[in-house]
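First comes the structure, then the notes that go with it.
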Amino acid sequence: NDSESHKLESDSTGSYSASVTNHATGQAQLKLFAVCLPGKTTEGRSLTVGSPVTQTVVLKPGIHEVTLNCPVGSTPIAPGIDVSGGRVLMLGNAPVGDTGRKLTLKVSGAAATVEASIRCLQNKTSEVNGASSELVFTQVTKPISIGAGGKATESLICGENAQGIVAGWEFDDGLVPLGNDPQPKSRVFYVWNPTANPLTGTLYLLCLEARTGSSVPVGEKTYVNTATVSSSSSQDSGAVLSDDASVKVTRDNGLVAGPTLYSASLRGGSLLVGFKSETRGGKIIVTLPAGNKVVGKGAYRLNKAGQGKAKVKIFGRYAKAIKRGKVKKVKVKLTSANGKTKAKILRVKR
Numbered sequence: 099n100d101s102e103s104h105k106l107e108s109d110s111t112g113s114y115s116a117s118v119t120n121h122a123t124g125q126a127q128l129k130l131f132a133v134c135l136p137g138k139t140t141e142g143r144s145l146t147v148g149s150p151v152t153q154t155v156v157l158k159p160g161i162h163e164v165t166l167n168c169p170v171g172s173t174p175i176a177p178g179i180d181v182s183g184g185r186v187l188m189l190g191n192a193p194v195g196d197t198g199r200k201l202t203l204k205v206s207g208a209a210a211t212v213e214a215s216i217r218c219l220q221n222k223t224s225e226v227n228g229a230s231s232e233l234v235f236t237q238v239t240k241p242i243s244i245g246a247g248g249k250a251t252e253s254l255i256c257g258e259n260a261q262g263i264v265a266g267w268e269f270d271d272g273l274v275p276l277g278n279d280p281q282p283k284s285r286v287f288y289v290w291n292p293t294a295n296p297l298t299g300t301l302y303l304l305c306l307e308a309r310t311g312s313s314v315p316v317g318e319k320t321y322v323n324t325a326t327v328s329s330s331s332s333q334d335s336g337a338v339l340s341d342d343a344s345v346k347v348t349r350d351n352g353l354v355a356g357p358t359l360y361s362a363s364l365r366g367g368s369l370l371v372g373f374k375s376e377t378r379g380g381k382i383i384v385t386l387p388a389g390n391k392v393v394g395k396g397a398y399r400l401n402k403a404g405q406g407k408a409k410v411k412i413f414g415r416y417a418k419a420i421k422r423g424k425v426k427k428v429k430v431k432l433t434s435a436n437g438k439t440k441a442k443i444l445r446v447k448r
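Just so we're aligned: 262 in the numbering used here is position 164 of the sequence shown, and the numbers increase by one with no gaps anywhere.
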């Protein structure tokens with residue numbers, strides 16, 4: 099990994115800037131690309147992109163997470179970092195719910211100052227003749243596993259009428275992202291495992307439908323479900339490996355959204371869980387991903403609904419196993435006071 103990216107971020111609504119150092123003695127080849135969206139729809143309605151949402155942090159050597167959030171009614175795009183000081187490898191660049199983005203950064207050498215950033219794309223276009231259109235997004239995901247010393251090329255494909263606009267990933271420590279290549283409807287990821295053990299990860303691709311949704315009443319929304327299959331055999335020209343279907347959902351006025359889980363870190367003998375809840379209280383259960391063995395239980399009480407953190411006591415020997423790195427991931431299940439639940443496997447930050 100002799101090439102180091104110090105900076106890759108959106109410096110305006112229409113451009114990106116990059117800064118790269120080649121630490122090798124020979125030449126290095128790089129490929130820079132950007133996925134561009136038109137500024138207006140065919141009906142003349144404008145897409146609205148906000149100013150960068152940024153967070154600047156000073157990070158010691160180790161693995162750290164930085165989470166950025168857009169306002170409700172917008173979608174994170176154009177994630178970026180600007181690094182000075184130590185070297186930083188981006189182990190994760192993944193969505194958090196509909197409005198968040200989490201960057202997992204591995205710092206080596208000296209401490210690093212990192213400015214993380216995203217931009218927020220409004221989910222509705224501007225109005226023309228008193229009417230606006232709704233942008234329709236879908237998220238495609240794919241778990242991967244790479245053997246010791248292996249390299250992998252993996253593809254994620256959007257539905258028939260969609261284009262991939264934001265790539266993402268979450269990798270075990272040890273995997274090295276070698277970049278990704280945009281195709282008109284897909285994204286090709288390149289990943290390397292230089293370690294002596296098999297490692298896993300998850301790939302993400304945010305897709306934007308080519309056709310906007312119609313103006314709809316408040317509380318009504320069209321969701322697009324995309325199914326993707328992969329094949330180890332050769333495919334004929336024109337073979338279709340993905341498709342989508344739309345479902346219109348009308349929300350009950352009394353319906354409350356479910357919780358979101360986004361981080362877990364060890365604090366002494368407890369797990370500090372980061373989450374978002376639409377209620378002030380709830381319960382948390384922590385299990386091992388394989389076998390669902392319960393290793394911790396807790397509850398939370400917030401001053402107000404929204405983002406929060408809660409300490410969950412981890413049973414003795416499991417806390418030691420997490421601290422020593424023998425257990426790297428846990429499954430966290432959060433149940434809010436309104437009965438809504440969310441379960442997610444999270445990598446534990448130590």
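Cβ coordinates follow ideal geometry from the N, Cα and C atoms, glycine included.
In this structure the region 110 to 123 does not lie against the region 164 to 173, because fewer than three pairs of beta carbons, one per stretch, are closer than 8 Å. In the displayed model, Arg309 falls within coil according to three-state DSSP, outside both helix and strand. In terms of CA proximity to Thr202, Ile161 leads the group Thr239, Ile216 and Ile161. Below 8 Å, enough C-beta pairs join the region 127 to 146 and the region 221 to 231 to call them touching: three or more.
By the beta-carbon neighbour count (other beta carbons within 10 angstroms, threshold 16), Lys138 is exposed.
Judged by their CB atoms, Ala214 and Ile179 are nearer to each other than the 7 Å cut-off. Tyr302 places its beta carbon 7 Å or farther from that of Thr236.
Take Asn259, set aside five residues on each side of it, and the residues of its chain with a beta-carbon closer than 8 Å to its own are Glu307, Ala308, Arg309 and Asp342, in chain order. If you draw a straight line from the Cα of Ile412 to the Cα of Ala132, it comes to about 44 Å. Bounds of any beta strand (DSSP E) do not take in Ala229, whose DSSP letter is neither H nor E. Glu163 sits away from Lys204, with the two beta carbons spaced by 7 Å or more. Put simply, the backbone Cα of Gly356 is about 15 Å away from that of Gly198. DSSP places Lys407 within a strand segment (E or B) once states are collapsed to three. With fewer than three CB-CB distances shorter than 8 Å, the region 395 to 407 does not count as touching the region 420 to 431. Looking at the DSSP output, Ile263 shares a beta bridge with no other residue. In the DSSP assignment, Ala419 falls within the unbroken alpha helix (DSSP H) covering Gly414 to Lys421.
Partner residues in the beta bridge of Arg217, as assigned by DSSP, are Ile175. In the DSSP secondary-structure assignment, Tyr288 is bridged to Thr251.
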